[in-house]
Structures are given as structure tokens and as C-alpha cells.
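Protein chains in written order, with the numbering used here: chain L, 289 to 590; chain E, 5 to 288.
Given below as C-alpha cells:
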């Protein structure tokens with residue numbers, strides 16, 4: 289069924305969103321994402337991240353411009369359930385009398401008949417998706433009785449069960465343990481390799497270079513858009529975050545002589561973002577980045 | 005023994021018991037959605053807002069349920085409109101819109117006295133229910149049950165996570181309206197039994213009781229419906245012996261069941277919470 293579908297894409301074209309009171313939430317936003325990418329949507333609170341999400345899902349009608357999903361209007365894309373959404377934890381009523389299994393099954397509603405009676409196929413997919421996020425042992429658990437990380441996994445399973453090829457995640461790492469964070473990242477990488485588009489809204493700067501191929505930096509408009517290495521520069525981040533970030537500079541290195549250059553660490557109390565001495569991005573490990581390491585060595589020798 | 009069967013000797017009592025049980029069940033089924041959606045206040049307000057519809061329907065020669073239903077839906081839409089176009093909070097909007105409707109109803113009823121007196125509308129009188137009204141209750145109950153039976157999963161998802169329902173391509177505006185329409189329709193039906201003042205009890209208490217007793221929505225529906233039917237039937241039955249208001253008996257009974265659940269519920273009751281605290285304190 290997926291083979292016949294057009295490859296996923298998100299095309300945001302010159303979108304301006306205004307609220308009823310005339311307040312402009314987003315102005316002239318444009319960017320385009322093609323199949324097989326993880327893209328971070330980075331900006332401070334109130335920079336229009338949620339508004340942009342809502343426009344992509346078609347909950348808000350732009351005053352100007354438009355969004356096309358896989359070449360379709362957002363309404364048509366919604367009818368085909370191309371876009372799956374993982375909500376922020378604060379948006380969910382955790383006291384609601386539904387179990388982990390119920391939530392996973394909700395991802396299948398769009399595939400079910402008028403009365404939403406699950407078929408064997410729906411049950412199989414829901415089961416498989418819960419297994420994939422490691423939550424199949426908690427099926428009967430009421431959702432409020434889960435830890436922060438487990439809650440996130442359940443909603444991720446629901447999004448997987450929907451079988452959409454575009455996934456939007458709103459602050460997936462807030463209130464989540466480190467183990468779950470890396471499990472989510474691994475899962476997102478797998479989806480990317482399978483040709484999905486993943487758009488992650490986050491203010492957790494440190495994790496972005498770890499797993500995001502592209503970045504959209506927003507503050508009421510797009511400040512920068514492109515590959516992570518190009519967008520994640522000190523200048524860009526300074527203009528996106530202003531004075532919001534804590535900054536630590538390690539001018540005195542314990543191993544090397546002080547040469548006027550510094551290692552910088554930016555954090556908003558979560559995983560820190562580290563810039564090396566030349567202002568390049570630092571990663572937590574070298575695995576998978578051998579080419580980058582070689583390049584740096586060459587630069588150092590030159 | 006014959007003493008206990010006495011109410012069944014009277015046709016009006018049998019009718020009252022059947023109608024109360026039916027309405028109790030339908031309202032209770034709906035109450036699960038109302039309590040989870042946070043519309044309890046809305047249910048109260050809607051049941052009062054149907055009053056001008058009753059009066060206008062009589063003036064226009066229409067069945068009073070039609071007028072009441074239209075008034076209820078208009079009030080709900082009016083509330084949505086004021087909320088979206090003003091800076092007021094929802095409770096203030098509900099307060100303003102629905103009291104306006106109720107006041108208009110009082111005014112109309114006093115200016116144009118109809119065959120329905122104010123007492124009947126506000127406090128209900130199921131013992132004097134006419135056959136056409138019984139038919140009306142049956143039709144409303146049947147329609148509500150069919151619609152809820154077919155769409156309860158959609159309504160559940162709408163109450164739980166409207167955003168997700170929308171991404172699945174569901175028409176959430178339709179679901180919102182459907183829930184409002186069901187609320188208005190059942191409020192109209194319940195008006196007959198317990199009156200405008202106590203309708204909200206039928207539309208909230210069984211759901212609230214069931215919510216304390218289970219963490220699964222399916223079970224919640226079953227528990228609430230059984231509570232609603234049992235309280236409706238036994239309340240009407242008990243009112244014969246107590247010689248008291250039928251509506252009052254039904255609602256007092258529902259409240260007693262609620263109180264028992266509040267204290268003794270296995271997981272979310274007051275006693276269970278106390279035990280859990282003690283166990284936690286000992287363990288630490």
C-alpha cells in the first residue's frame with residue numbers, strides 16, 4: 289500500500305499565520321523537506337513552533353501562503369493520514385481511563401471501519417508497534433501509571449501504528465529519561481532510513497546535532513534552514529535565542545595551552561550543546577562520524 | 005410480599021418505573037463522555053436553557069421536545085460563539101448565556117401560560133407522563149443509544165485527544181456537535197422524569213461514580229449504565245412507598261451510590277488512598 293503512495297514531502301511556502309486579535313504568530317515562513325530526513329524545529333517558547341506544527345497539520349489556516357504534504361493539500365493529506373503527531377506530554381489528560389493498548393489502537397482508527405471495530409490486522413500492527421517501543425509488557429496499564437519515558441513511548445507507538453510517513457513530534461525529550469531518549473533517537477533514525485520525514489520540535493539543543501540532519505531555526509519567521517552543521521552556528525543560535533541560553537566558556541584548557549580560542553558549552557538546563565575551539569559542533573562520540581574526524585585531522589595538519 | 009408488589013398494580017407506576025430506568029440508563033451512558041470531556045457544567049446549563057424552547061414550542065403548536073432541543077442546541081452554539089469572539093473564560097460564558105435562556109423561558113412561561121406549568125418543567129412529573137411523551141422518550145432513547153453505540157469510540161477519541169482525531173481525518177466539529185446534540189436530546193428526555201433542576205445529576209453522577217471505580221473506559225460505560233438503570237428503576241419504585249418526589253428519589257439514590265464509591269472504591273476511593281499512604285509510609 290505504501291509503495292503506490294507518492295514519496296512524502298513537506299512544502300511550506302511563504303506561510304503567514306495571524307491570530308484573531310491581529311497578532312502575527314509567523315511571518316513569511318518557507319522551507320521544504322524531502323523523504324528520508326530528520327529535521328529539528330528549534331526556537332524559544334513563543335517563537336511559533338507550535339503554530340508551525342498546527343499549520344502543517346492543517347489546524348490553522350494561514351492568512352497567506354500554504355502548506356503542501358506530498359504534493360497534496362493538508363486536508364487531503366489528513367484524509368490519507370499521511371501525518372502522525374506525537375503530542376507534548378502536557379497536552380494529554382493522563383487521568384483518562386484508557387490503557388496503553390487502547391492508546392496504541394487509537395493509531396489504527398483511520399484504518400478501521402465506520403464503527404471502529406478492530407480487525408486482526410489492526411491488532412497485529414498495534415502489538416508490533418508496542419513491541420517496537422518496548423511497551424508490549426504494559427498493555428493493561430492505565431496511562432497515568434507510567435513514567436515520563438514510558439508515556440512518550442506509548443504515544444510514539446500510536447504514531448507508528450498510524451503508518452503515516454511523516455511524523456511530527458512536539459518536545460519528545462521533555463521529562464524523558466536518558467535511556468528512552470536514546471531509544472527514541474534510534475527509532476527515529478530507523479524511520480528516516482525507511483524514507484520517512486521526521487520533524488521534531490525541541491528546545492533541547494544538545495541532542496539536535498546528535499540525530500538531526502536538518503534544522504529549521506524559528507523566531508516568528510525562519511531565521512535559518514539547512515543542514516545541521518551549517519545552521520547550528522553560534523551566530524544563528526544567538527539570534528534565535530538572544531540572551532535566553534546559559535553560556536559557559538572554558539578559556540583555560542587543562543591539557544593544552546591557552547591559545548586564545550575557547551571551548552564553549554551552551555545549555556538550557558538539558559543536554560548541553562558544545563562548540564569546539566573553532567566554533568565547530570562537538571558530538572558525544574566519534575562513531576558514525578569517521579569522515580568528519582578525518583576532515584578535522586586534515587585541517588589540523590594543514 | 006403483596007405489599008412490595010403494590011406499585012406494579014398501578015399502570016402509572018409501571019410506566020414511571022420503565023421510563024425512569026430507560027432515561028437513567030441513556031443519561032448514564034452519555035454521562036461518561038460528559039464527565040471526561042469536562043462538560044458537567046455545560047450539562048447543567050443546557051438543561052436550564054431548554055426552558056424557553058418548551059414555551060415557544062407550545063405557542064407555535066410544536067411538540068415540546070422539538071422546541072427544547074432547538075433551544076438547547078442554540079444555547080450551546082451561542083456559548084461557543086461568545087467564547088470564540090470574546091476574552092471571557094468558559095465558565096463566565098456558560099453562566100451568562102444559559103441564565104439568559106432560562107430567564108427568557110421564565111418570562112415567556114409567565115406571560116403566555118401553557119398547558120405545561122413551570123413546576124413540571126423544573127421538577128419533572130414522571131407519574132403523570134402522557135403516552136405521547138412516553139413515545140417521545142422511547143424515540144430519543146433509541147436514537148441516542150444507536151448513535152452512541154456506533155460512534156462511542158470516535159467520541160472517546162475526541163474527548164481524549166482532539167488533535168489526534170483531527171490528524172486521522174475525523175471531522176471533530178461534527179463530533180463536537182454530535183455530543184452537544186446528544187446532550188440536548190437526553191436533557192429533554194430527562195426533563196420529564198426529574199425536571200430541569202436535577203437533569204444534570206442524571207448526566208453527571210453515574211459517570212462520576214463509574215470513573216472512581218475503574219480505569220477502563222469500556223467498564224466505565226457498563227458500570228455507569230447499570231447504575232443509571234438501577235437507580236432510575238428503584239428510585240421510581242421507592243418513591244411509591246416514600247410518597248415523595250420521583251426525581252428526588254432517583255437522584256438521592258444516585259448520590260448514595262456515588263458516596264459509597266467515593267469512600268470504598270478499590271483503587272481511587274478515600275479508604276484505598278489512606279491505605280496506600282500508610283503502606284508507602286511503612287515501606288519507606
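The beta-carbon is built from N, C-alpha and C at its ideal position, and this holds for glycine as well.
On a predicted model such as this, the values are computed, not experimentally measured, just so you know.
Put simply, the CB of residue 87 (chain E) is far from chain L, with every gap to its CB atoms at 9 Å or more. Between residue 170 (chain E) and chain L, the shortest Cβ-Cβ separation is below 9 Å. Interface annotation for the stretch 206-221 of chain E against chain L: 215, 218, 219, 220 and 221, criterion Cβ-Cβ distance under 8 Å. For residue 223 (chain E), the number of other beta carbons within 10 angstroms of its own is below 16, and it is reported as exposed. Residue 59 (chain E) is positioned such that its CB atom lies closer than 9 Å to that of residue 118 (chain E). A buried status is given to residue 109 (chain E), since no fewer than 16 other beta-carbon atoms sit within 10 Å of its beta-carbon.
In this chain, residue 500 (chain L) is not harboured by any beta strand (DSSP E), its DSSP state being neither H nor E. A contact is defined here as three or more CB-CB pairs under 8 Å, and the stretch 144-154 of chain E fails this definition with respect to the stretch 95-102 of chain E. Less than 9 Å separates the beta-carbon of residue 371 (chain L) from that of residue 365 (chain L). Measuring C-alpha to C-alpha distances from residue 419 (chain L) to each of L:550, L:449 and L:407 identifies L:449 as the nearest. For a Cβ distance threshold of 9 Å, residue set 157, 158, 161, 168, 169, 172 and 174 of chain E lies close to residue 397 (chain L), ordered along the chain. Under the DSSP assignment, residue 315 (chain L) falls outside any alpha helix (DSSP H), being part of the beta strand (DSSP E) whose first and last residues are 312-322.
At least 9 Å separates the beta-carbon of residue 330 (chain L) from that of residue 388 (chain L). Only residues of its own chain outside the window of five on either side were considered, and among them 39 and 224 have a CB closer than 7 Å to the CB of residue 215 (chain E), listed in chain order. Residue 251 (chain E) is positioned such that its CB atom lies no closer than 9 Å to that of residue 35 (chain E).
DSSP places residue 152 (chain E) inside the alpha helix (DSSP H), whose first and last residues are 135-164. With distances taken between CA atoms, residue 77 (chain E) lies nearest to E:53 out of E:66, E:159 and E:53. Between the C-alpha atoms of residue 232 (chain E) and residue 392 (chain L) there is a straight-line separation of about 31 Å. Between the stretch 374-381 of chain L and the stretch 150-161 of chain E, the count of C-beta pairs closer than 8 Å stays below three; the two stretches do not touch. For a cut-off of 8 Å, the C-beta gap from residue 240 (chain E) to residue 51 (chain E) is around 19 Å, too long to register as a contact. In this structure, residue 571 (chain L) keeps its C-beta atom at 9 Å or more from the C-beta atom of residue 458 (chain L). Between the stretch 305-325 of chain L and the stretch 473-493 of chain L there are three or more C-beta pairs closer than 8 Å, enough to call the two in contact. Pairing residue 305 (chain L) with residue 423 (chain L), the inter-Cα distance amounts to about 38 Å. Against residue 372 (chain L), the close residues of chain E are 171, in the order they occur along the chain (beta-carbon pairs closer than 7 Å). For residue 85 (chain E), the number of other beta carbons within 10 angstroms of its own is below 16, and it is reported as exposed. By the neighbour-count criterion, in which a residue is buried when 16 or more other Cβ atoms sit within 10 angstroms of its Cβ, residue 286 (chain E) is exposed. Just so you know, the alpha carbons of residue 88 (chain E) and residue 469 (chain L) end up roughly 38 Å apart. Identification of residues in the stretch 404-427 of chain L having a C-beta nearer than 9 Å to some C-beta of chain E yields 404 and 405, given in sequence order. At least one beta carbon of chain L lies nearer than 9 Å to the beta carbon of residue 40 (chain E). Looking at the DSSP output, residue 554 (chain L) bridges to L:535 and L:561. For residue 356 (chain L), the enclosing beta strand (DSSP E) has its first and last residue at 352-357. According to the DSSP secondary-structure assignment, residue 373 (chain L) is paired through a beta bridge with L:456. Residue 169 (chain E) has its alpha-carbon roughly 41 Å from the corresponding atom of residue 535 (chain L).
When DSSP states are grouped into helix, strand and coil, residue 295 (chain L) belongs to the coil group. If you keep only unbroken alpha helix (DSSP H) runs of at least 4 residues inside the stretch 398-449 of chain L, you get 408-420.
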